[in-house]
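Trainee:
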Amino acid sequence: MTLDQACSGQKFRILSISDPTISNQAIRLGICKGAELTCAGKLPGGPIIIQNKMQEIAIGRRLARKIAIQVM
Amino acid sequence: MQCHNLTEQIDINKDARKLVLVGNPNVGKSLFFNALTGLYVDVSNFPGTTVDISSGKYKDMVVMDTPGVYGVSSFNDEERVARDVILYADVILNIVDALHIERDLFLTQQIIDMGKPVVVALNMMDEVKKNGIQIDVEELSRQLGVPVIPTTIIKGEGLEEVKAALNYSTTGNRLPIVMEHLPKIRSLVDEDSEALLVLEGDENIIERHNIVQTEHMRDKIYEARRARVNEITQKVVKQTNKEASFSVRLGRWMLSPIIGIPILAVVLWLTYQFVGVFVAQTVVEWTEGVIMGEYYYNFIVNLLEPLVGMDSFFGRLLIGEFGLLTMTPIYVFGLLLPLVVGFYLVLSIMEDSGYLPRIAVLTDRSLNSIGLNGRAIIPIILGFGCVTMATITTRVLGSKRERFIATALLGLTIPCSAQLGVIAGLIAPLGIKMVILYIFVIFLVFALSGTILNKVLPGESTDLMIDLPPLRLPRPANVMKKTYVKSKTFITEAGPLFAIGAGVITLLQYTGILDLVSNAFAPISEGFLKLPRETAVAFIMGIIRRDFGAAGLNDMVSRGMLSSSQILIALIAITLFVPCIAAVMVIFKERTWKESLVIWLGSFIISFLTAGIVAQIII
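For the protein sequence lines, the chains are A and S, in the order given.
Each residue of the first sequence is one higher than the last, beginning at -16 in the numbering used here.
Each residue of the second sequence is one higher than the last, beginning at 41 in the numbering used here.
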């Protein structure tokens, strides 16, 4: 499944990010293949908030569709 | 705008050692810079609002601040600027947010891989304790191979230790993959730091050294670096208490639609009450009406009238209707200054508290429909302060397409604080119906032009990916300084333009050209817009600055020349009118001349077309 389908509070692991320009930037924020993160919130039709320890990052819905994840 | 040229700014000995401050956005870099150099710099809470480099002196070293970045490469303007400063640094002070260590150490490890001598300041240690986290500082230092100093710079803690550590900065432990591959290409460039970026496939550096290289290993190095940072984080960070603190929970609430949108509505309402009602009406009535309009006006007219008279050319130029010493200072200091200060005060509070990126998240979905992502809300909000500054910040947007849409919308539909103040003063007495109609028309034009541009322009816009800084109570000193610097920049920029405009109008009026233009323009102003032909004067003024044009309307209204429907139409036209000269200059600088011309002429046409249509309907 992809990140836009994750539910609030779910823990998941990233399987792949299909956009190479984004993946190069995301890796700096700790978002990369294999990273274990939490979905901290979701705006209806809008961005997904993901949490990596103390850090929160908002990801646009369309981009979230390009991130494959596996719920843990 | 104060744009700093990197080399121009440093008037210090070229051989001096360069100490460069590096860190992610919002880690307190600027506070370190201030503490070391004693100079003021803008402390910014939103990634990307300062592309300027500040430099100063500490002992015999040149200290340079860099924009906050998450890594060194060429993804955007900030990174390119930061990269060029970092590449040729002698010593680096890397400021790390201890709460976000796994994010920040990515940059730290990259600088270490460059082979630069580094000192790490592990900042915000107070928040680490508050959140029940333990960090093994000694182990971190051992892992990285560089000195690590715990600090809470906002309280001045750890500053002396950092200063001392600068004397024994060391090059740290590089990644094995870097050690292995760096020697192969080292001879192609001048410095180790450049070699690393070549390995990472940085196009600019590769081009600079005329390197013909077919493949790079950015992905591999980034992966290795991420793995190494995660490993270090695992070793040194212990989370003892997992309960979210109040500010974390508040931050979440701000993003949930049920609570977040009402919070946003309240914030906007408070902003309106403060800037639009309290400042624009109560304060301005006093500053413009009494202090400048009566005391100052009487003083200057009494002083100069015996010398130049009221009807001579110089009399009109200095103390006439658009006088350099009457209207110009009265509007600049009586009207613009309070409005601009009020607006930047609010904006600085939003920026400093970390609320601004949350607005970006809330508005992302709506902005998607006009081809922008949430990030674009920053230039749009800034536009309500000053369209010129806002146009510069469209650089934070991810693609050319988005920058064009945002610039066009800013130039067309967003009134700056000065203009908004005059408009609010004129429209408020007309009653709520007119206010709603005005907002509706402007909003409609905004949404329609955005949607059309999104449909017509080729390509695809980028998606939102934004780091949400923790919410913090804004620091009053910081907010004050920021407000002061931004307001001062605005006034020094707007003031002279206002004076030039006043001079030009007086000249046109004195020579009779103004009447000619008004008459030539009459078919449009009287026939289509159904306004008196004198309104043309206000529009000519509006070419220089829209608020100057609005001020011209203000003058006509106070003489009872416009009915309330006519006021509404004139206000719609002047709001959508061409951006002020300063903004136009910036637009031409930032965009191609073709795009700029489209924006400028488009504003003209859309402004009159919209106002004309409304006029045909309501009059």
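Backbone N, C-alpha and C define an ideal beta-carbon position, used for all residues, glycine too.
Shortest alpha-carbon distance to Ser(-1) of chain A belongs to which of A:Leu(-14), A:Gln(-7) and A:Gly(-8)?
Mentor: The residue you call residue -1 of chain A lines up with position 16 of the first sequence. Closest option to Ser(-1) of chain A, Cα to Cα, is A:Leu(-14).
Trainee: Measuring CB atoms only, is the stretch 629 to 641 of chain S touching the stretch 593 to 612 of chain S, in the sense that at least three cross pairs come out at less than 8 Å?
Mentor: no
Trainee: To the nearest angstrom, report how far apart His44 of chain S and Thr615 of chain S are at their CA atoms.
Mentor: In the second sequence, residue 44 of chain S corresponds to position 4, counting from 1. In the second sequence, residue 615 of chain S corresponds to position 575, counting from 1. No answer about His44 of chain S holds up, because its pLDDT of 36 lies below 50 and its placement is not dependable.
Trainee: At which residues does the beta strand (DSSP E) containing Lys25 of chain A begin and terminate?
Mentor: One-based indexing of the first sequence puts residue 25 of chain A at position 42. Its beta strand (DSSP E) spans residues Glu19 to Lys25.
Trainee: Quick check: the stretch 330 to 347 of chain S against the stretch 377 to 396 of chain S, are there 3 or more CB pairs under 8 Å?
Mentor: They do not touch, by the three-pair rule.
Trainee: Examine chain S for any beta-carbon lying closer than 9 Å to the beta-carbon of Leu12 of chain A, and answer yes or no.
Mentor: Within the first sequence, numbered from 1, the residue matching residue 12 of chain A stands at position 29. At least one chain S Cβ lies under 9 Å of Leu12 of chain A.
Trainee: Are the CB atoms of Ile132 of chain S and Lys99 of chain S nearer to each other than 9 Å?
Mentor: Taking the first residue of the second sequence as position 1, residue 132 of chain S is located at position 92. Taking the first residue of the second sequence as position 1, residue 99 of chain S is located at position 59. No.
Trainee: For Leu162 of chain S and Val269 of chain S, which I take to be in contact (beta-carbon distance under 8 Å), what is that distance rounded to the nearest angstrom?
Mentor: Walking along the second sequence from the start, residue 162 of chain S turns up at place 122. Walking along the second sequence from the start, residue 269 of chain S turns up at place 229. Rounded, the Cβ-Cβ distance is 14 Å, inconsistent with contact.
Trainee: With the cut-off set at 9 Å, would you say Lys69 of chain S and Gly108 of chain S are in Cβ contact?
Mentor: By 1-based counting over the second sequence, the position of residue 69 of chain S is 29. By 1-based counting over the second sequence, the position of residue 108 of chain S is 68. Cβ atoms of Lys69 of chain S and Gly108 of chain S: closer than 9 Å.
Trainee: What are the start and end residues of the beta strand (DSSP E) that includes Pro157 of chain S?
Mentor: Along the second sequence, read from residue 1 onward, the residue named residue 157 of chain S stands at position 117. That run of the beta strand (DSSP E) goes Pro157 to Asn163.
Trainee: Within a Cβ cutoff of 6 Å, which residues of the same chain sit near Gly423 of chain S, ignoring the five residues on either side of it in sequence?
Mentor: Here residue 423 of chain S is taken as the residue at index 383 of the second sequence, counted from 1. Here the set comprises Ala430, Leu450 and Ile454.
Trainee: What's the call for Ser1 of chain A, buried or exposed, on a 16-neighbour Cβ count within 10 Å?
Mentor: Counting from 1 along the first sequence, the entry for residue 1 of chain A is found at position 18. Burial call: exposed.
Trainee: Exposed or buried, Glu520 of chain S, counting other C-beta atoms within 10 Å across all chains shown (16 or more means buried)?
Mentor: The count along the second sequence starts at 1 and reaches residue 520 of chain S at position 480. Sequence inspection shows Met at residue 520 of chain S; the Glu mentioned does not correspond to that position. Met520 of chain S should be labelled exposed.
Trainee: When you compare only the Cα positions, how much space is there between Val202 of chain S and Ile194 of chain S?
Mentor: Looking up residue 202 of chain S in the second sequence gives position 162. Looking up residue 194 of chain S in the second sequence gives position 154. Taking the straight line joining both Cα atoms gives about 14 Å.
Trainee: Tell me whether Phe86 of chain S sits in a helix, a strand or coil according to DSSP, three-state version.
Mentor: Numbered from its first residue, the second sequence carries residue 86 of chain S at position 46. Interpretation of Phe86 of chain S is limited by its pLDDT of 37, a score under 50 that renders its predicted location unreliable; the figure taken from the coordinates is listed afterwards. Reduced to three states, the DSSP call for Phe86 of chain S is coil.
Trainee: Applying the criterion that 16 or more other CB atoms from any shown protein chain within 10 Å of the CB defines a buried residue, is Tyr371 of chain S buried or exposed?
Mentor: Along the second sequence, one-based indexing puts residue 371 of chain S at 331. Per the 10 Å Cβ criterion, buried.
Trainee: In whole angstroms, what separates the C-alpha of Lys36 of chain A from that of Tyr262 of chain S?
Mentor: Residue 36 of chain A sits at position 53 when you count from the first residue of the first sequence. Residue 262 of chain S sits at position 222 when you count from the first residue of the second sequence. Looking at the two C-alpha atoms, the distance is approximately 20 Å.
Trainee: For Gly96 of chain S, does the three-state DSSP call read helix, strand or coil?
Mentor: Here residue 96 of chain S refers to the residue found at position 56 of the second sequence. Looking at Gly96 of chain S - three-state DSSP - the assignment turns out to be strand.
Trainee: Across the stretch 491 to 506 of chain S and the stretch 374 to 381 of chain S, are there enough close Cβ pairs to call them in contact, namely three or more that are closer than 8 Å?
Mentor: Three or more Cβ pairs closer than 8 Å define a contact, and the stretch 491 to 506 of chain S falls short of that threshold against the stretch 374 to 381 of chain S.
Trainee: Check whether the Cβ atoms of Arg64 of chain A and Leu20 of chain A lie closer than 9 Å to each other.
Mentor: Given that chain A is displayed from residue -16 to residue 55, the structure contains no residue 64 of chain A and the question cannot be resolved.
Trainee: Report all residues from its chain with a CB closer than 8 Å to the CB of Leu365 of chain S; omit the five preceding and five following residues, and keep chain order.
Mentor: Taking the second sequence and counting its residues from 1, the one referred to as residue 365 of chain S is at position 325. Contacts found: Ile340, Leu344, Leu358 and Ile359.
Trainee: Taking C-alpha atoms, which residue in S:Ile251, S:Pro509 and S:Ile612 lies nearest to Ile645 of chain S?
Mentor: Residue mapping note: residue 645 of chain S aligns to position 605 of the second sequence, counting from 1. The shortest Cα separation from Ile645 of chain S among S:Ile251, S:Pro509 and S:Ile612 belongs to S:Ile612.
Trainee: Mapping the DSSP letters down to three states, classify Ala446 of chain S as helix, strand or coil.
Mentor: In the second sequence, residue 446 of chain S corresponds to position 406, counting from 1. Assignment of Ala446 of chain S by DSSP, reduced to helix, strand and coil, places it in the helix class.
Trainee: Which value, in whole angstroms, describes the spacing of the CA atoms of Leu649 of chain S and Gln606 of chain S?
Mentor: Locating residue 649 of chain S in the second sequence gives position 609, counting from the first residue. Locating residue 606 of chain S in the second sequence gives position 566, counting from the first residue. Rounded to whole angstroms, Leu649 of chain S to Gln606 of chain S spans 15 Å at the Cα level.
Trainee: Give the interface partners of Gly111 of chain S over in chain A, defined as CB-CB distance under 9 Å, in chain order.
Mentor: For the purposes of this step, residue 111 of chain S is taken as the residue at position 71 of the second sequence. What Gly111 of chain S touches in chain A: Asn7, Gln8, Ile10 and Arg11.
Trainee: Ala622 of chain S CB to nearest chain A CB: under 9 Å?
Mentor: Residue 622 of chain S sits at position 582 when you count from the first residue of the second sequence. False, the Cβ-Cβ gap to chain A never drops below 9 Å.
Trainee: So which residues on chain A does Glu142 of chain S lean against when the C-beta distance must stay under 8 Å?
Mentor: Locating residue 142 of chain S in the second sequence gives position 102, where the first residue counts as 1. Result: Gly13, Asn35, Lys36 and Gln38.
Trainee: For the stretch 409 to 437 of chain S, which residues have a CB atom closer than 9 Å to at least one CB atom of chain A, in sequence order?
Mentor: Cβ contacts with chain A come from Asn413 and Gly414.
Trainee: Identify the contact partners of Leu26 of chain A in chain S, using a Cβ-Cβ distance below 9 Å as the criterion.
Mentor: Taking the first sequence and counting its residues from 1, the one referred to as residue 26 of chain A is at position 43. The contacting residues are Leu295, Ser296, Pro297, Gly300, Val401, Leu402, Asp404 and Arg405.
Trainee: Determine, using beta carbons only, whether Gly43 of chain A comes closer than 9 Å to chain S.
Mentor: As a working note, residue 43 of chain A is residue 60 in the first sequence. Nearest CB-CB separation between Gly43 of chain A and chain S: below the 9 Å threshold.
Trainee: Do you know whose CA, among S:Gly438, S:Val168, S:Asp242 and S:Tyr337, lies nearest Val277 of chain S's CA?
Mentor: As a position in the second sequence, residue 277 of chain S is number 237, starting the count at 1. When C-alpha distances from Val277 of chain S are compared across S:Gly438, S:Val168, S:Asp242 and S:Tyr337, the shortest belongs to S:Val168.
Trainee: Suppose you measure from the CA of Met294 of chain S to the CA of Arg398 of chain S; what does that come to, to the nearest Å?
Mentor: Counted from its first residue, the second sequence places residue 294 of chain S at position 254. Counted from its first residue, the second sequence places residue 398 of chain S at position 358. Going from the Cα of Met294 of chain S to the Cα of Arg398 of chain S covers about 7 Å.
Trainee: Once you ignore the five residues that flank Thr546 of chain S on each side, which residues in its own chain have a CB closer than 7 Å to its CB?
Mentor: As a working mapping, residue 546 of chain S is identified with position 506 in the second sequence. Non-local beta-carbon contacts of Thr546 of chain S in its own chain, meaning distances under 7 Å to residues more than five positions away in sequence, involve Arg356, Leu357, Gly360 and Phe362 in chain order.
Trainee: Do you know how far the Cα of Ile33 of chain A is from the Cα of Leu508 of chain S?
Mentor: Position 468 of the second sequence, counting from 1, holds the residue named residue 508 of chain S. Position 50 of the first sequence, counting from 1, holds the residue named residue 33 of chain A. Their Cα atoms are separated by approximately 10 Å.
Trainee: Which of the three DSSP states is assigned to Leu513 of chain S in this structure?
Mentor: By 1-based counting over the second sequence, the position of residue 513 of chain S is 473. Reduced to three states, the DSSP call for Leu513 of chain S is coil.
Trainee: Taking just the CA atoms, how far does Ala590 of chain S sit from Phe86 of chain S?
Mentor: Counting from 1 along the second sequence, the entry for residue 86 of chain S is found at position 46. Counting from 1 along the second sequence, the entry for residue 590 of chain S is found at position 550. Bear in mind that a pLDDT of 37 at Phe86 of chain S, under 50, signals an unreliable position, so the model cannot answer this.
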